[in-house]
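A.B. asks:
Protein chains: 2
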Amino acid sequence: MPMTNKVTRVENAYARLKKEIRTNRMPSGFQATEPEIALRLGMSRTPVREALIRLESEGLVEIIPRRGVRVLPININDMKEIYEILTSLEPDVAGNIAAKNPTETELRPLEEAASDMEAALEQEDLDTWADADDRFHHHMLDLHGNRRLREFVLALNDQVHRTRIVTLRLRDKPMKSNKEHREILEHIRRGDADAARNAFRTHRKRAGQELISCLEKFRITNL
Amino acid sequence: MPMTNKVTRVENAYARLKKEIRTNRMPSGFQATEPEIALRLGMSRTPVREALIRLESEGLVEIIPRRGVRVLPININDMKEIYEILTSLEPDVAGNIAAKNPTETELRPLEEAASDMEAALEQEDLDTWADADDRFHHHMLDLHGNRRLREFVLALNDQVHRTRIVTLRLRDKPMKSNKEHREILEHIRRGDADAARNAFRTHRKRAGQELISCLEKFRITNL
DNA sequence: GGATGTGTCAATGTATACATTAAAGTATTT
DNA sequence: AAATACTTTAATGTATACATTGACACATCC
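Taken in order, these protein sequences are the chains called A and B.
Everything in the first sequence is counted per the working numbering, starting at 7 for the first residue and increasing by one.
Everything in the second sequence is counted per the working numbering, starting at 7 for the first residue and increasing by one.
Here's what the structure looks like:
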């Protein structure tokens with residue numbers, strides 16, 4: 007049995023920083039120098055630097071020559087870019103899954119996620135709701151099996167997540183999302199690829215538009 | 007005027023390694039240790055390491071714990087993944103451009119790339135052809151303006167490029183591709199988004215299938 | 001006062017040192 | 001010869017050293 011598979015400092019730094027960013031504990035615009043971060047994480051600059059490079063290539067931070075690392079703000083344009091990509095990719099993912107006629111066991115996690123979303127919303131627990139939503143999308147990517155696509159879409163979803171933490175409370179309860187997820191799931195279950203694809207496209211388009219108009223309404227140009 | 011904007015060793019290493027990989031001068035499967043690469047590039051391990059991390063997160067190399075860095079082989083499955091993504095994304099790009107009714111000036115680079123492809127093929131110059139083809143796709147992404155999408159698709163195209171260097175000579179002249187590019191361009195010119203999208207989808211699907219069946223035919227499981 | 005020059009400071013980019021540890025080779029036992 | 005234990009080697013992960021250079025503060029000049 008492979009025991010506690012030694013985790014390197016780089017991985018540690020990467021994971022911790024990423025989590026802090028994802029949850030907005032290190033909010034957009036947050037800036038710090040390498041020595042500061044190193045101190046905070048209790049390690050030397052080297053592993054911190056390497057972790058930062060990875061975060062940079064994921065588009066989460068920006069390394070500014072002499073001013074430190076900055077958690078990249080997300081502006082409306084970013085969100086438009088991100089949703090545009092998601093709207094291209096995820097519907098095809100859903101379509102492909104539907105075409106593959108997955109077993110009920112394979113669909114279980116989707117089913118659970120959809121139920122959890124509904125339950126969470128009834129209890130007005132938006133955080134749990136967002137979690138379940140993430141899980142739905144995550145499982146779909148797992149089912150699909152295209153690893154590159156998965157990694158990329160997950161990275162985009164992380165960005166969406168950051169934004170949603172803020173906007174979620176500024177908006178009405180996301181009832182429509184729940185319904186749309188249900189529909190998508192049903193189309194998949196029935197093996198109707200086109201319907202699944204279309205339903206997903208509608209879902210992403212609507213969600214994107216709502217998010218963006220929420221940002222615009224509250225003048226959140228830059229989060 | 008900002009002069010020769012000092013290029014850091016990391017950027018240097020990154021660019022050189024990437025180029026060598028892209029052109030298969032460092033072929034798939036090539037392995038080397040950090041000290042070896044550092045020596046070859048005439049710098050210390052540190053910048054090399056940082057460049058490698060970036061290349062790793064782009065999926066070009068794999069850093070294997072004690073055995074060195076390995077240029078990632080591309081297998082058929084990788085190509086399937088890549089083409090699947092391209093087939094999702096690029097048609098929408100073409101569609102959006104068409105919908106934006108671009109000016110003839112904006113379309114010039116596409117026009118040129120298409121012409122160059124035709125000229126190159128007449129002279130049987132496959133390398134020039136591949137270059138022009140890359141340019142066509144590149145310019146489309148520029149016109150589209152979604153930066154994230156651009157970077158991602160370019161990275162995928164790099165992988166395709168690596169494979170094509172090998173397969174290009176194993177196949178018939180890519181006449182169809184030329185014709186398809188022309189068609190796409192015409193649809194864009196006419197502002198017909200749906201037609202552009204469909205033409206592009208057809209193009210990517212066909213190209214992907216041909217490439218993959220070529221790999222299968224020659225039993226190139228792993229390039 | 002505003003613009004320009006100068007000096008200090010500190011962050012980065014890079015080199016280097018060093019401990020750890022996997023891998024390969026060698027010796028030992030059977 | 002095969003299996004095992006031991007030794008050696010060298011690559012990595014990390015810390016640290018250090019030179020360079022931008023940013024900022026202050027002084028100088030108009």
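Idealized CB from N, CA, C, for every residue including glycine.
Does any residue of chain B bring its CB to less than 7 Å from the CB of residue 82 of chain A?
C.D. replies: For residue 82 of chain A, the answer is no, since every Cβ of chain B falls outside 7 Å of its Cβ.
A.B. asks: How is the beta strand (DSSP E) around residue 130 of chain B delimited, first residue to last?
C.D. replies: Unbroken run through residue 130 of chain B: none, as it is neither H nor E.
A.B. asks: Check whether the Cβ atoms of residue 88 of chain B and residue 165 of chain B lie closer than 7 Å to each other.
C.D. replies: Cβ atoms of residue 88 of chain B and residue 165 of chain B: closer than 7 Å.
A.B. asks: Since residue 112 of chain A contacts residue 149 of chain A with CB under 8 Å, what's their CB separation in whole angstroms?
C.D. replies: Contact flag correct, Cβ pair sits at about 6 Å.
A.B. asks: What's the gap between the Cα of residue 78 of chain B and the Cα of residue 67 of chain B?
C.D. replies: Those two C-alpha atoms are separated by around 5 Å.
A.B. asks: So residue 206 of chain A and residue 115 of chain A are in contact, right, with Cβ under 8 Å, and what is the actual spacing, rounded?
C.D. replies: 17 Å between Cβ atoms; not a contact.
A.B. asks: What residue does the alpha helix (DSSP H) around residue 218 of chain A start on, and which one ends it?
C.D. replies: Unbroken alpha helix (DSSP H) run through residue 218 of chain A: 199–223.
A.B. asks: Please check the pair residue 40 of chain A and residue 51 of chain A, which I expect to be a contact at CB under 8 Å, by giving their CB distance rounded to whole angstroms.
C.D. replies: Yes, residue 40 of chain A and residue 51 of chain A are in contact; Cβ-Cβ is about 5 Å, under 8 Å.
A.B. asks: Would residue 155 of chain A count as contacting chain B if we go by Cβ distances under 7 Å?
C.D. replies: Yes, its Cβ sits closer than 7 Å to a Cβ of chain B.
A.B. asks: Let me know if residue 219 of chain B comes out buried or exposed under the rule of 16 or more other beta-carbons within 10 Å of its beta-carbon.
C.D. replies: The residue in question, residue 219 of chain B, is exposed, as its Cβ has fewer than 16 Cβ neighbours within 10 Å.
A.B. asks: Does DSSP put residue 8 of chain B in a helix, a strand or coil?
C.D. replies: In this prediction, residue 8 of chain B has a pLDDT of 38, which is less than 50 and means its spatial position is unreliable; what the coordinates show is noted afterwards. Coil.
A.B. asks: Give a yes or no on whether the minimum CB-CB distance between residue 47 of chain A and chain B is below 7 Å.
C.D. replies: Cβ-Cβ to chain B under 7 Å: no for residue 47 of chain A.
A.B. asks: Leaving aside the five residues before and after residue 177 of chain A along the sequence, list all residues of the same chain whose C-beta is less than 6 Å from its C-beta, in chain order.
C.D. replies: If we look at residue 177 of chain A and ignore the five residues flanking it on each side, its Cβ neighbours are 220.
A.B. asks: Spatial neighbours of residue 169 of chain B within its chain, please: C-beta separation below 8 Å, excluding the five flanking residues on both sides.
C.D. replies: Answer for residue 169 of chain B: 80, 85, 217, 221 and 229, listed in chain order.
A.B. asks: Would you please verify whether the beta carbon of residue 23 of chain A is less than 7 Å from any beta carbon of chain B?
C.D. replies: No, its Cβ sits nowhere closer than 7 Å to a Cβ of chain B.
A.B. asks: Does DSSP put residue 177 of chain A in a helix, a strand or coil?
C.D. replies: Of the three classes helix, strand and coil, the one that applies to residue 177 of chain A here is coil, per DSSP.
A.B. asks: Kindly identify the DSSP beta-bridge partner or partners of residue 38 of chain B.
C.D. replies: Answer is B:75.
A.B. asks: Are the beta-carbon atoms belonging to residue 102 of chain B and residue 197 of chain B less than 7 Å from one another?
C.D. replies: No, the pair does not count as a contact, with Cβ atoms beyond the cut-off.
A.B. asks: Of the choices B:190, B:62, B:74 and B:18, whose alpha-carbon is the least far from that of residue 53 of chain B?
C.D. replies: Per the Cα distances, B:18.
A.B. asks: Do you know how far the Cα of residue 157 of chain B is from the Cα of residue 63 of chain B?
C.D. replies: Approximately 13 Å, taken between the alpha carbons.
A.B. asks: Which class does residue 67 of chain B belong to by DSSP, given the choice of helix, strand or coil?
C.D. replies: In the structure shown, residue 67 of chain B sits in a strand (DSSP, three-state: E or B).
A.B. asks: Quick one: residues in its chain with C-beta nearer than 7 Å to the C-beta of residue 201 of chain B, no 5 flanking neighbours on either side, listed in chain order?
C.D. replies: Cβ within range, chain order: 193.
A.B. asks: Per the DSSP calculation, residue 228 of chain B is bridged to which residue(s)?
C.D. replies: In DSSP, residue 228 of chain B forms a bridge with B:81.
A.B. asks: Does residue 58 of chain B come within less than 7 Å of chain A when only Cβ atoms are used?
C.D. replies: Not an interface residue.
A.B. asks: Can the beta-carbon of residue 74 of chain B be found less than 7 Å from the beta-carbon of residue 38 of chain B?
C.D. replies: Against a cut-off of 7 Å, the Cβ pair of residue 38 of chain B and residue 74 of chain B comes out as a contact.
A.B. asks: Just to make sure I have the definition right: I need the residues of chain B whose C-beta is within less than 9 Å of the C-beta of residue 69 of chain A. Which are they?
C.D. replies: Result: empty, since nearest Cβ-Cβ is about 11 Å, beyond 9 Å.
A.B. asks: Here's the rule I'm using: 16 or more other beta-carbon atoms within 10 Å means buried, otherwise exposed. How should residue 71 of chain A be labelled?
C.D. replies: By the neighbour-count rule (16 or more Cβ atoms within 10 Å), residue 71 of chain A is not buried but exposed.
A.B. asks: Tell me which residue opens and which closes the alpha helix (DSSP H) that residue 25 of chain A is part of.
C.D. replies: Start and end: 15–28.
A.B. asks: How about residue 200 of chain A: is its C-beta nearer than 7 Å to some C-beta of chain B?
C.D. replies: Not one chain B Cβ lies under 7 Å of residue 200 of chain A.
A.B. asks: Is any heavy atom of the ligand MN found at a distance shorter than 6 Å from the C-beta of residue 154 of chain B?
C.D. replies: No copy of the ligand MN appears in this structure; indeed no ligand is present at all.
A.B. asks: Relative to the C-alpha of residue 25 of chain A, which residue among A:35, A:61, A:174 and A:151 is closest?
C.D. replies: Per the Cα distances, A:61.
A.B. asks: Can you grab the Cα-Cα spacing for the pair residue 58 of chain A / residue 185 of chain B, in whole Å?
C.D. replies: One C-alpha to the other measures close to 45 Å.
A.B. asks: Residues of the segment 32–46 of chain A in Cβ contact with chain B at a cutoff of 9 Å, in chain order, please.
C.D. replies: Answer set for the segment 32–46 of chain A: empty.
A.B. asks: In chain B, what lies closer than 8 Å to residue 95 of chain A by C-beta?
C.D. replies: In chain order: 91, 94 and 95.
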